[in-house]
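Heads up: the structure comes next, in structure tokens.
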Amino acid sequence: MTTARAAGRLILRSEIVERACSWLRDSVPYSQTRFHQNEHGIYRADCSGFVSMAWGLPGKPEDRHGGFDTPGLAVVSSLITAPELRAGDVVVRTDGTSLTRHVVIFAAWAEEPGRYWAYEQAGGNRTRLRAVTYPYETGAQLYVPRRYLSVLESTE
Numbered sequence: 210m211t212t213a214r215a216a217g218r219l220i221l222r223s224e225i226v227e228r229a230c231s232w233l234r235d236s237v238p239y240s241q242t243r244f245h246q247n248e249h250g251i252y253r254a255d256c257s258g259f260v261s262m263a264w265g266l267p268g269k270p271e272d273r274h275g276g277f278d279t280p281g282l283a284v285v286s287s288l289i290t291a292p293e294l295r296a297g298d299v300v301v302r303t304d305g306t307s308l309t310r311h312v313v314i315f316a317a318w319a320e321e322p323g324r325y326w327a328y329e330q331a332g333g334n335r336t337r338l339r340a341v342t343y344p345y346e347t348g349a350q351l352y353v354p355r356r357y358l359s360v361l362e363s364t365e
């Protein structure tokens, strides 16, 4: 079984957010077959490739670029509760097909009750930061909050 330590290096929350913002800056178009390259490497331009890039995970398998798939992200993260969500955590649906699985990066709770800001790479869109109804707009009962096992809290 792969562990987070074997999968990727330790990473600060602030770095996860900085990396997520790099795709927002680049306005990356969504694709399950194409890749995006920037200062953080080459990753598949879908939701799980986006999170893999933000978390600093290597491509999988390691001999190709692209990052983990959505179920693979669950292997390197742990379940948390909604009140525990912090910037850099994710809200994810791991079951189903490549058409129904999805993951977003939590940014912050929105002022509107029951909503949060999420960095998202989704079909039909470019990378974006948008307000989402918790846990997620569609199939809500299937989405859960998770935390990358190798995330470091700031020492500041």
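Numbering-wise (our numbering), the sequence shown opens with residue 210 and increments by one. Even glycine gets a Cβ: it sits at the ideal position worked out from N, Cα and C. This structure is a prediction, so every number in the text was calculated from the model and none was measured.
Reduced DSSP secondary structure (H/G/I, E/B, other) of residue i
i, result
"residue 338", "strand"
"residue 237", "coil"
"residue 289", "coil"
"residue 254", "coil"
"residue 266", "coil"
"residue 361", "strand"
"residue 212", "Residue confidence for residue 212 is low, a pLDDT of 46 falling below 50, so the modelled location carries little weight; the figure read from the coordinates is stated next. In the structure shown, residue 212 sits in coil (DSSP, three-state: anything other than H, G, I, E or B)."
"residue 356", "strand"
"residue 282", "helix"
Buried versus exposed call for residue i [16 or more other C-beta atoms within 10 Å across all chains shown]
i, result
"residue 330", "buried"
"residue 336", "buried"
"residue 280", "exposed"
"residue 308", "exposed"
"residue 354", "buried"
"residue 276", "buried"
"residue 310", "buried"
"residue 304", "exposed"
"residue 323", "exposed"
"residue 317", "exposed"
Beta-carbon spacing of residue i, residue j below 8 Å
i, j, result
"residue 343", "residue 328", "no"
"residue 220", "residue 361", "yes"
"residue 312", "residue 257", "yes"
"residue 332", "residue 239", "yes"
"residue 245", "residue 235", "yes"
"residue 285", "residue 358", "yes"
"residue 302", "residue 345", "yes"
"residue 314", "residue 237", "no"
In DSSP terms, what residue i is bridged to
i, result
"residue 315", "327"
"residue 350", "Per DSSP, none; premise fails for residue 350."
"residue 302", "311"
"residue 244", "253"
"residue 275", "252"
"residue 294", "For residue 294, which the question treats as bridged, DSSP gives no partner whatsoever."
Any C-beta of chain B under 8 Å from that of residue i
i, result
"residue 351", "In the displayed structure, chain B is absent; only one protein chain is listed."
Next on the checklist: With a threshold of 8 Å, are at least 3 pairs of Cβ atoms found where one atom belongs to the region 345–352 and the other to the region 287–297?
Outcome noted: These segments do not touch.
Checklist entry - Counting Cβ pairs, one atom from each stretch, are 3 or more of them under 8 Å apart for the region 259–267 and the region 227–237? => result yes
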